[in-house]
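Those letters in the sequence shown? Residues 3 to 92, per my numbering, in order.
Comments concern the structure below.
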Amino acid sequence: ILNLAAILRFANALDAESDGRIQQLRIEQNDGRLQVSAAGFAPWTRAAENIAGASYLLGLVLRRPVALARLKPTRNGNASRKRVVSAATR
Numbered sequence: 003i004l005n006l007a008a009i010l011r012f013a014n015a016l017d018a019e020s021d022g023r024i025q026q027l028r029i030e031q032n033d034g035r036l037q038v039s040a041a042g043f044a045p046w047t048r049a050a051e052n053i054a055g056a057s058y059l060l061g062l063v064l065r066r067p068v069a070l071a072r073l074k075p076t077r078n079g080n081a082s083r084k085r086v087v088s089a090a091t092r
């Protein structure tokens, strides 16, 4: 139950403004940490502060650090070269 609550809180923080700013996510596990990269993530905003708080709680529950980063688009406008999970519903 705690894992689900932490995941839902993190997902809610990613779309707290309901403006669709976060369009794509890439989640990877590297060296024991969870790397979350998001297209549309702006690190110096109030929303980023809320996302960081939610990611901290997620890290506590998962017992591993969670790192946040901006997902950089490529020249053709798509997000990075690895598998990307779209946050938008189809």
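Quick reminder that beta carbons are idealized off the backbone N, C-alpha and C, glycines included.
This structure is a prediction, so every number in the text was calculated from the model and none was measured.
Residue i - DSSP class collapsed to helix/strand/coil
| i | result |
| --- | --- |
| ALA50 | helix |
| ILE9 | helix |
| LEU16 | helix |
| GLY55 | helix |
Extent of the continuous alpha helix (DSSP H) to which residue i belongs
| i | result |
| --- | --- |
| ASN35 | Going by the sequence as given, residue 35 is Arg instead of Asn. Not the alpha helix (DSSP H): ARG35 falls in the beta strand (DSSP E), residues 35 to 41. |
Proximity winner among the options, relative to residue i (alpha-carbon distances)
| i | options | result |
| --- | --- | --- |
| GLU19 | LEU62, LEU60 and ARG48 | ARG48 |
| ASN52 | ILE3, ASP33, ASP17 and GLN31 | ASP17 |
| ILE29 | GLN37, ALA54 and ALA15 | GLN37 |
Limits of the beta strand (DSSP E) - the one that residue i falls within
| i | result |
| --- | --- |
| ARG71 | The displayed chain sequence assigns Ala, not Arg, to residue 71. Run containing ALA71: 68 to 72, per the beta strand (DSSP E) assignment. |
| ARG99 | In this structure the chain extends from 3 to 92, so residue 99 is not present and cannot be described. |
Whole-angstrom C-beta distance between residue j and residue i, which should lie under 8 Å
| i | j | result |
| --- | --- | --- |
| ARG11 | LEU59 | 6 Å |
| ALA15 | ALA69 | Their Cβ separation, rounded to whole angstroms, is 15 Å, which puts ALA15 and ALA69 out of contact at 8 Å. |
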